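Q: Input: one structure, supplied below.
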Amino acid sequence: MAKISLIVNGNPVTGNVDPRTLLVQFLRENLGLTGTHVGCDTSQCGACVVHVDGKAVKSCTTLAVMVDGQNITTIEGLAAGDTLHPMQEAFREHHGLQCGYCTPGMIMTAVDLVRRKGHDLDHHTIREELEGNLCRCTGYHNIVESIAAGAKAMAKSA
Amino acid sequence: MYEFKFHRPATVRQAANLLAKNEDAKLVAGGHTLIPVMKQRLASPPHLVDLSKVENLSGIEMKGRALSIGAMTTHADVAGSPIVGEAIPALAYLAGVIGDPAVRHRGTIGGSLANNDPTADYPAACLALGATIVTNKRRLKAEEFFAGLFTTALESDEIITRVTFPLPKKAAYVKFRNQASRYALVGVFVARRPSDVGVAVTGAGADGVFRVTAFEEALKKRFASKALEGLSVPADGLNADIHGSAEYRAHLIGVLAARAVDAANGK
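Chains as they are written, first to last, in our numbering: chain R, 12 to 169; chain X, 7 to 273.
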């Protein structure tokens with residue numbers, strides 16, 4: 012077993028884990044943060060995307076012990092109390108989801124995208140940047156609309 | 007995934023000692039190849055030595071007339087680096103078309119080279135540009151580093167610390183991606199070096215990355231895509247799978263090499 016301590020959604024967290032434990036397992040099973048999903052489990056679908064020190068990372072392909080001491084943000088850490096994060100609100104407003112399974116990963120990827128490429132995102136850029144996130148319901152159109160709108164809304168709230 | 011012991015050394019020397027002491031120990035950098043392979047139980051190292059806390063392994067700088075990139079530097083950092091963008095824009099471009107954004111936040115240049123996947127991108131850049139792979143023991147020319155499928159000249163307790171690239175006059179990388187995996191079905195890196203031309207192909211060779219000397223000779227005489235007309239690569243010794251036959255890959259090498267030369271020439 013290995014001792015780890017990290018910050019998850021602003022809270023210090025410690026754990027005693029088998030080194031085999033994936034970050035996504037640690038989040039879901041040890042901490043009960045089930046908003047982060049496992050889709051493909053092969054680092055392709057992006058349902059498991061969380062932020063490690065502010066950068067989007069696939070938590071199904073990262074061992075919990077590898078992020079010891081680092082700062083993790085999951086989908087549960089975005090909203091401010093009952094007020095949704097602007098990107099979450101944009102997905103609600105623009106109907107950027109159907110079944111919702113891929114949505115946490117989509118939103119975490121989108122927030123990272125805004126960090127890297129700013130608030131004025133054209134549809135082509137958004138589609139290119141979503142290559143690591145799969146949705147099997149929507150056909151992506153409304154996801155792209157949501158991210159473009161969410162990116163603008165983040166500029167206002169910042 | 008099978009059980010393993012996890013080690014987190016702070017220095018290259020400690021990491022090398024762990025490798026020497028523990029038979030079949032494996033280094034893990036970003037883990038974006040090794041962890042999936044361990045999940046599939048295709049690899050089951052009893053010891054995993056994590057390089058993420060080892061000092062002085064990442065970073066990008068110019069050293070004289072060469073670009074030096076630390077082994078633990080991520081693809082995202084290479085792709086976004088103004089230094090790389092200025093020195094070898096083709097290399098920044100290449101790093102930016104590996105995997106997807108989240109993968110690029112974890113994957114590293116050292117990990118990619120040590121793994122030497124026959125469809126990985128960096129090996130083509132190293133071979134075409136004439137890079138030097140620096141380890142804790144020695145300096146290896148790219149020519150002598152790559153040794154066949156998933157095989158390198160690295161010894162069992164040898165660790166890549168950085169890679170240095172001499173600056174080319176011009177260079178370009180053109181990649182034909184597998185639509186699902188984002189790996190190169192074929193990728194061609196072309197570099198016009200001060201006294202030489204390098205043309206390296208990934209994705210296609212049954213033995214991994216290789217140079218196309220016939221193309222290099224022709225381009226040395228005249229660095230233009232027209233110089234490649236009439237030249238081809240034999241399908242013999244190329245990969246064939248459900249994504250493309252050896253003949254298809256041979257054809258793609260010619261097409262992509264010509265496109266890369268045009269791109270290097272700013273066309």
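Glycine is no exception: its CB is placed at the ideal position from the N, C-alpha and C atoms.
Quick caveat, the model's predicted, so the values are computed rather than measured.
Classify aspartate 127 of chain X: buried if its beta carbon has 16 or more other beta carbons within 10 angstroms, exposed otherwise.
A: Per the 10 Å Cβ criterion, buried.
Q: Give a yes or no on whether the minimum CB-CB distance between glutamate 61 of chain X and chain R is below 8 angstroms.
A: no
Q: Which first and last residues belong to the beta strand (DSSP E) in which cysteine 136 of chain R is found?
A: Reading off the sequence shown, one finds threonine at residue 136 of chain R, where the question assumed cysteine. That residue, threonine 136 of chain R, is in no beta strand (DSSP E); its alpha helix (DSSP H) goes 134-140.
Q: Can you list, in chain order, the residues of its chain whose CB lies under 8 angstroms from that of leucine 237 of chain X, leaving out five sequence neighbours each side?
A: Ala220, Phe221, Ala224, Gly260
Q: Are threonine 39 of chain X and asparagine 121 of chain X closer than 8 angstroms when you measure CB to CB?
A: yes
Q: Using only the alpha-carbon positions, how far apart do threonine 53 of chain R and alanine 108 of chain X sit?
A: 13 angstroms
Q: Using 10 angstroms around the beta-carbon of histidine 134 of chain R, count the other beta-carbons present and answer buried if the total reaches 16, otherwise exposed.
A: exposed
Q: Does histidine 38 of chain X come within less than 8 angstroms of chain R when only Cβ atoms are used?
A: yes
Q: In three-state DSSP terms, what is valine 61 of chain R?
A: strand
Q: Are the region 67-85 of chain R and the region 128-141 of chain X touching by the rule of at least three beta carbon pairs closer than 8 angstroms?
A: no
Q: Check this for me: beta carbons of threonine 85 of chain R and proline 42 of chain X, under 8 angstroms apart or not?
A: no
Q: Could you check if glutamate 140 of chain R is buried or exposed, using at least 16 other CB atoms within 10 Å of its CB as the buried criterion?
A: buried
Q: Could you give the residue range of the beta strand (DSSP E) that holds proline 51 of chain X?
A: Proline 51 of chain X -> no beta strand (DSSP E), and no H or E assigned at all.
Q: Check whether chain R comes within 8 angstroms of histidine 81 of chain X, counting only Cβ atoms and requiring the distance to be less than that.
A: no
Q: Arginine 112 of chain X touches chain R at which residues, Cβ-Cβ below 8 angstroms?
A: The contacting residues are Val68, Lys69, Thr72, Thr73.
Q: Which whole runs of the beta strand (DSSP E) in the region 140-193 of chain X are 3 residues long or more, in chain order?
A: 145-147, 166-172, 176-183
Q: Compute the Euclidean distance between the alpha carbons of glycine 154 of chain X and tyrosine 99 of chain X, then round it to the nearest angstrom.
A: 25 angstroms
Q: Since glutamine 99 of chain R and leucine 89 of chain R are thought to touch, with beta carbons under 8 angstroms apart, how far apart are those beta carbons, to the nearest angstrom?
A: 6 angstroms
Q: Leaving out five residues before and five after glycine 65 of chain X in sequence, what residues of the same chain have Cβ atoms less than 6 angstroms from its Cβ?
A: Gly76
Q: Looking at C-alpha atoms only, which residue of R:Thr45, R:Arg126, R:Val63, R:Val68 is the closest neighbour of glutamine 55 of chain R?
A: Answer by Cα proximity: R:Val68.
Q: In angstroms, rounded to a whole number, what distance separates the CA positions of asparagine 82 of chain R and glycine 65 of chain R?
A: Across the structure, asparagine 82 of chain R and glycine 65 of chain R are spaced so that their CA atoms are roughly 8 angstroms apart.
Q: Please report the residue range of the beta strand (DSSP E) in which phenylalanine 12 of chain X lies.
A: 11-13
Q: Note the first and the last residue of the continuous alpha helix (DSSP H) segment covering glutamate 235 of chain X.
A: From DSSP, glutamate 235 of chain X is part of no alpha helix (DSSP H); its letter is neither H nor E.
Q: Please confirm if proline 115 of chain R has its CB atom under 8 angstroms from at least one CB of chain X.
A: no
Q: Helix, strand or coil for alanine 67 of chain R? Go by DSSP, reduced to three states.
A: strand
Q: If I follow the unbroken beta strand (DSSP E) through threonine 120 of chain R, where does it start and stop?
A: Note, threonine 120 of chain R: premise wrong, no beta strand (DSSP E); alpha helix (DSSP H) at 114-128.
Q: So, does the CB of valine 76 of chain R fall closer than 8 angstroms to a CB anywhere in chain X?
A: Valine 76 of chain R counts as touching chain X.
Q: Hey, quick one: how far does the beta strand (DSSP E) through glycine 204 of chain X stretch, first residue to last?
A: 202-208
Q: In whole angstroms, what separates the C-alpha of proline 172 of chain X from that of valine 180 of chain X?
A: 20 angstroms
Q: With which residues is proline 23 of chain R paired in a DSSP beta bridge?
A: R:Ile18
Q: So, with DSSP's three-state summary, where would you put alanine 13 of chain R?
A: strand
Q: Checking the sheet assignment: what are the DSSP bridge partners for asparagine 82 of chain R?
A: R:Ile18
Q: Report all residues from its chain with a CB closer than 8 angstroms to the CB of lysine 69 of chain X; omit the five preceding and five following residues, and keep chain order.
A: Thr170
Q: When burial is assigned at 16 or more other CB atoms within 10 Å of the CB, is methionine 117 of chain R buried or exposed?
A: buried
Q: If glycine 36 of chain X sits next to threonine 138 of chain X, beta carbons under 8 angstroms apart, how far is it from one beta carbon to the other, in whole angstroms?
A: Wrong, their Cβ atoms sit about 22 angstroms apart, outside the cutoff.
Q: Between the region 135-156 of chain R and chain X, which residues of the former have CB atoms less than 7 angstroms from a CB of the latter, in chain order?
A: Glu140, Glu142, Gly143
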